[in-house]
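In this note's numbering, the protein residues as written are 1436 to 1852. Here the structure is laid out as structure tokens; the discussion comes afterwards.
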Amino acid sequence: MDSFIIRGPSRLEGSVRISGAKNAMLPLMAATILTGGQCILDNVPDLRDTRTMMKVLETLGIPSSLEDGVLSIDAASVTSFEAPYDLVRTMRASIYVLGPLLARFGKARVSMPGGCAWGPRPIDQHLKGMMTLGAKIRIDHGYIDAQADRLKGAEVILTMPSVGATVNIMLAASLADGETVLENAAREPEISALAGALRSAGVEIEGDGTSTIHIQGRDSIEPFRHAVIPDRIEAGTYAAAALITGGDVTLENCRPDQMHSVIDKLEACGAEVTVTDDTMRVVGPKKIAPVDIDTGYYPSFPTDMQAQMMAVLCIADGASTIVEHVYPDRFTHVPELRRFGAKITLDGHVAVVSGVKKLEGAPVMATDIRASSALLLAAMVAEGETKVLRIYHIERGYEDIENKLRALGADITRVTD
Ligand code: EPZ
């Protein structure tokens, strides 16, 4: 297993190109199952999750190849309808194949995803959506066994605006008979990106980006070519790196218009943020001001930026409160941040971070994608050496992070244990 050794403190300066969004790419890869043809995705990041989803598609009989950010997927001949446990357990988004397999072939056998580092992550809304569209669902030895003659458009009301359930239902509804109205849908930019790709494949979709999405099902869907939007969470992470190190970093190829809630908090901490349509310059302050953060569904402050901002607030000039509303126990990064000398108290889904003068390097353990990026942020400003173990978590969601950080002035090296 590989680790990163980071020596601090450092100050980041320069520019970094933001890669395509993992959470936009994964739904688009699953959408190719609907088409039965050759699809192409541009601006695809080469991540561990990219490779995992390529493996999931391959087990279905769908080969793909990734060259310089261009992913070619040949969905002409599906030979299996099963997404196996050993893949699904490594990446929950594998369950995105459920909707398209059901819609196109009337059957799917997908392993239940199980929990993750921060507790159970149910899929009841995904299954509710499939059943409302007419599927018969059975749970059999940890697998979802789904059958349907032909899915029928219907009104689906989500209990919460689940991103994954919105993806699965949009994909299933695209080949259902008639109109589907999805209420309380997720409003994330990645959902609008998926709708754009489906529209380019001939599907009539309205309302994406709002809480109510209308999808007119079709008998077949054309292969499509679509560019993946920039990753707003990767962008937010590098912006937080500029903030915590008091640096001056320009993000290239990003979408500030999709990051208002993050930019608000960066500025509240004292950062100077200058944006154009596709760039963002972040100049960190001498002293970081404490702020209060409530995570929520888009366009609220993203839960996927909670750990990174907690790392920043560990050295703020005062106390901050972070309330995690989406995943109440998403705090596996707290004990690791405390190892740097951070002062954080937890009470249920509320964290109080009392800023300290400085952090000290220490050996720490990555537990999930965003928690591990938070450890890198703390390590870059801590005095001395930090070793971050289990960096495969980071590689799931951050393309080429060590070279990107090194180019900005971080002292980071990879070691193989
Ligand atoms: C997506 O996960 C993202 N993953 C997550 O990013 C992100 O944290 C999350 O959305 C919230 O924004 C991808 O896009 C691949 P949800 P997802 O369904 O779809 C509850 C990262 O680091 N829920 O929107 O799994 C759920 O427990 C990852 O890139 C149900 O109760 O999240 C949570 O409390 C981590 N039943 C809330 O809804 C369901 O059937 C939101 O979850 C589904 C969800």
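A virtual CB, placed ideally from N, CA and C, is assigned to each residue, including glycine.
Between residue 1565 and residue 1607, the gap from beta carbon to beta carbon is short of 9 Å. Put simply, of 1668, 1474, 1653 and 1644 the residue whose alpha carbon is nearest the alpha carbon of residue 1453 is 1668.
Remark: the shortest separation between the CB of residue 1489 and any heavy atom of the ligand EPZ does not fall under 8 Å. Proximity of the region 1648-1667 to the region 1801-1814 falls short of the contact definition, fewer than three beta-carbon pairs being nearer than 8 Å. The alpha-carbon of residue 1500 is positioned some 6 Å away from that of residue 1506. Here the region 1754-1762 makes no contact with the region 1820-1829; the two share fewer than three CB pairs at distances below 8 Å.
Contact check for residue 1745 against residue 1769 passes: the beta carbons are separated by less than 9 Å. By the Cβ-count criterion, residue 1511 is exposed, with fewer than 16 other Cβ atoms from all chains shown falling within 10 Å of its own Cβ. Around the beta-carbon of residue 1546, 16 or more other beta-carbon atoms lie within 10 Å, marking it buried. Shown here, residue 1674 sits in a helix according to DSSP, grouped into three states. The three-state reading of DSSP puts residue 1484 in helix, counting H, G and I together.
Cβ contact annotation for residue 1837 (same chain, cutoff 8 Å, sequence separation greater than five): 1439, 1847, 1848 and 1849, in chain order.
Between residue 1723 and residue 1783, the CB-CB gap reaches or exceeds 9 Å.
By the Cβ-count criterion, residue 1539 is buried, with 16 or more other Cβ atoms from all chains shown falling within 10 Å of its own Cβ.
Exclusion of residue 1533 from the 8 Å shell around the ligand EPZ follows from its C-beta lying no nearer than that to any non-hydrogen atom of the ligand. For residue 1576, the distance from the CB to the nearest heavy atom of the ligand EPZ is not below 8 Å. Short of 6 Å from the beta carbon of residue 1845, and not among the five residues preceding or following it, lie these beta carbons of its own chain, in chain order: 1445 and 1815.
For residue 1784, the shortest C-beta to heavy atom distance toward the ligand EPZ is 8 Å or greater. Three or more pairs of CB atoms, one per stretch, sit closer than 8 Å, so the region 1608-1619 contacts the region 1649-1658. Taking the Cα positions, residue 1713 is about 35 Å away from residue 1820. Distance from the CA atom of residue 1741 to the CA atom of residue 1649, rounded to whole angstroms, is 32 Å.
At the C-beta level, residue 1590 and residue 1616 come within 9 Å of one another. The ligand EPZ has a heavy atom closer than 8 Å to the beta-carbon of residue 1457.
Excluding five sequence positions before and after residue 1484, the CB atoms of its chain that fall closer than 6 Å to its own CB belong to 1457, 1526 and 1831, given in chain order.
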